[in-house]
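For reference, the structure discussed in these notes is given below.
Protein chains in written order, with the numbering used here: chain A, 541 to 928; chain B, 1158 to 1241.
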């Protein structure tokens, strides 16, 4: 029996060793876990890799326990909210490269809390209903969470309508992904009334929708907003930043509305805080000739004009993707750019006035010098001029 | 790479502990007598519409679950005037 197992393991090991790269490492890990721990190893592995998914699935178990024993009510409520919000938050990390995902942890208050303690802690207590009313619990928890935990550094510098519209849009995305059954209620109670009562919010939400159609809401808009939060320190909220963010959103909207092949639309944004360029890689003849020089020279000029982030965008078709990768390697060498993130995504691009869904590929590069902005007093006190 | 999430703790009270918590805060009597108002819309706070409780300027504030008031609370959270 033991010999058979060793033989099977050797065969298995031999098989997995023949596979290259990451798949091989993954398979080796799985194989080792099976050999050492049996099925339990797999469970441990899944728990380790996907705690949010496990938490979501654990709700099912708690529901069964509740059905028979009437126990685990609070576990159902908490794990359902935590599992879904944490999974969504982690998914944002894949969309936005320097995003620090923040999760939620429900802390039940079960013991009496004196007013003294309540004031000392100075924290909100949210009321959670029975799990039969879980949709309401989820909406309330998600909205409170997003307000506080999503891009907190950036939101300090945005206008109230910019902040609120981003939260509304992200909440909508979260509900669409995690609890689609409540999306209508969310629209009826929160999204539509707010959009209808505030023109600025309505306009911003419409712009996000257009930007999102071409798949750039997260990879560029949220990405640049996340960068902005990392660049500005201890400065009070200023009209300059608010205006620049507004102009940047307009820039992306115009870009998202462009027809394929239209070259009159600006592709660079040269603000004070946000400086980026979008370089579209789509010319078939250049690709077929392997002629990357004009593009590389153009990017060099962008870097010379102090653009900090360069996005290479194009079709994710095999030939084009490889060409984009080649250009990326070239500009990393020649322009000292760092490849910061890459992703394939769905985009609805405009061809002949009609939107057509395509698979796109985007690589973000960051320049070697990122300007940071400090409050003048902070700068005088803590930072020597040569560091600025 | 497996990234461990930093967790934002949210204090919550479940319906079955609500009486106990309100009693501890000294507002259970008023709550049951229907004498508590929403901090924003001033409507009566009941068991059916209570959304949350927060301290502000030495008083206990309650919020009802109407979308307008939830939105106003979100605004206070965004502005850092209420903490989680």
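Virtual Cβ for every residue (Gly too), placed ideally from N, Cα, C.
Assigned secondary structure, residue i (DSSP; H/G/I helix, E/B strand, else coil)
i                       : result
residue 796 of chain A  : helix
residue 1232 of chain B : helix
residue 668 of chain A  : strand
residue 711 of chain A  : helix
residue 556 of chain A  : Confidence in residue 556 of chain A is poor, its pLDDT being 41 and thus under 50, which makes the residue's placement unreliable; the coordinate value appears in the next sentence. Of the three classes helix, strand and coil, the one that applies to residue 556 of chain A here is helix, per DSSP.
residue 627 of chain A  : helix
residue 870 of chain A  : helix
residue 1239 of chain B : coil
residue 1216 of chain B : strand
residue 777 of chain A  : coil
residue 690 of chain A  : coil
residue 837 of chain A  : helix
residue 859 of chain A  : helix
residue 645 of chain A  : strand
residue 847 of chain A  : coil
residue 596 of chain A  : helix
residue 697 of chain A  : coil
residue 831 of chain A  : coil
residue 1222 of chain B : coil
residue 854 of chain A  : strand
residue 904 of chain A  : strand
residue 756 of chain A  : coil
residue 637 of chain A  : coil
residue 1203 of chain B : coil
residue 739 of chain A  : helix
Rounded C-alpha distance that separates residue i from residue j
i                       : j                       : result
residue 611 of chain A  : residue 598 of chain A  : 14 Å
residue 594 of chain A  : residue 617 of chain A  : 15 Å
residue 1221 of chain B : residue 810 of chain A  : 45 Å
residue 603 of chain A  : residue 731 of chain A  : 31 Å
residue 1184 of chain B : residue 849 of chain A  : 55 Å
residue 814 of chain A  : residue 758 of chain A  : 16 Å
residue 789 of chain A  : residue 770 of chain A  : 19 Å
residue 562 of chain A  : residue 647 of chain A  : For residue 562 of chain A, the predicted model reports a pLDDT of 45, less than 50, meaning its position is unreliable and no value from the coordinates is stated.
residue 622 of chain A  : residue 691 of chain A  : 19 Å
residue 798 of chain A  : residue 888 of chain A  : 11 Å
residue 705 of chain A  : residue 884 of chain A  : 26 Å
residue 909 of chain A  : residue 1216 of chain B : 49 Å
residue 1162 of chain B : residue 726 of chain A  : 26 Å
residue 649 of chain A  : residue 1241 of chain B : 13 Å
residue 1210 of chain B : residue 763 of chain A  : 34 Å
residue 653 of chain A  : residue 665 of chain A  : 11 Å
residue 701 of chain A  : residue 710 of chain A  : 14 Å
residue 723 of chain A  : residue 716 of chain A  : 6 Å
residue 696 of chain A  : residue 781 of chain A  : 11 Å
residue 952 of chain A  : residue 1166 of chain B : An answer regarding residue 952 of chain A cannot be provided, because it is not within the stretch 541 to 928 covered by chain A.
residue 839 of chain A  : residue 747 of chain A  : 28 Å
residue 659 of chain A  : residue 1212 of chain B : 6 Å
residue 615 of chain A  : residue 718 of chain A  : 18 Å
residue 867 of chain A  : residue 879 of chain A  : 11 Å
residue 881 of chain A  : residue 803 of chain A  : 26 Å
residue 1193 of chain B : residue 1199 of chain B : 9 Å
residue 1188 of chain B : residue 735 of chain A  : 34 Å
Beta strand (DSSP E) segment containing residue i, residue limits
i                       : result
residue 878 of chain A  : 878–891
residue 650 of chain A  : Residue 650 of chain A -> no beta strand (DSSP E), and no H or E assigned at all.
residue 1213 of chain B : 1207–1213
residue 809 of chain A  : 808–810
residue 817 of chain A  : 815–821
residue 1194 of chain B : From DSSP, residue 1194 of chain B is part of no beta strand (DSSP E); its letter is neither H nor E.
residue 1167 of chain B : 1163–1171
Residues near residue i in its chain [Cβ-Cβ closer than 7 Å; skip 5 each side]
i                       : result
residue 694 of chain A  : 765, 766, 768, 769
residue 1195 of chain B : 1202, 1219, 1220, 1221, 1226
residue 689 of chain A  : 642
residue 784 of chain A  : 811, 812, 813, 814
residue 679 of chain A  : 722, 726
Same chain, Cβ closer than 6 Å to residue i, neighbours up to 5 away in sequence not counted
i                       : result
residue 800 of chain A  : 889, 891
residue 822 of chain A  : 854
residue 1234 of chain B : none
Distance cut-off 8 Å: residue i Cβ against heavy atoms of the ligand ATP
i                      : result
residue 749 of chain A : Ligands are entirely absent from the displayed structure, and the ligand ATP is therefore not among its contents.
Residue interval of the alpha helix (DSSP H) (run including residue i)
i                       : result
residue 802 of chain A  : Run containing residue 802 of chain A: none; DSSP gives neither H nor E here.
residue 660 of chain A  : 655–661
residue 1178 of chain B : 1175–1181
residue 771 of chain A  : 763–771
residue 723 of chain A  : 723–726
Cutoff 8 Å; reference residue i; Cβ partners in own chain excluding five residues on either side
i                      : result
residue 684 of chain A : 664, 666
residue 860 of chain A : 821, 822, 827, 854, 901
residue 872 of chain A : 878, 879, 905
Item to complete: Report the residues of the segment 665–677 of chain A with a CB closer than 8 Å to any CB of chain B, ordered along the chain.
Response: Only 665, 666, 667, 668, 669, 670, 676 from the segment 665–677 of chain A bring a Cβ to less than 8 Å from some Cβ of chain B.
Worksheet item: At a Cβ cut of 8 Å, what residues of the segment 1167–1186 of chain B count as close to chain A, listed as they run along the chain?
Response: Hits within the stretch, in order: 1167, 1168, 1169, 1170, 1171, 1172, 1173, 1174, 1175, 1177, 1178, 1180, 1181, 1182, 1183.
Worksheet entry | Within 8 Å of chain A by C-beta, residues of the segment 1200–1217 of chain B in sequence order | So the list reads 1207, 1208, 1209, 1210, 1211, 1212, 1215, 1217, given in the order they occur along the chain.
Practice prompt. Mind checking the segment 711–730 of chain A against chain B and listing, in chain order, the residues whose C-beta falls within less than 7 Å of any C-beta there?
Written response: So the list reads 729, 730, given in the order they occur along the chain.
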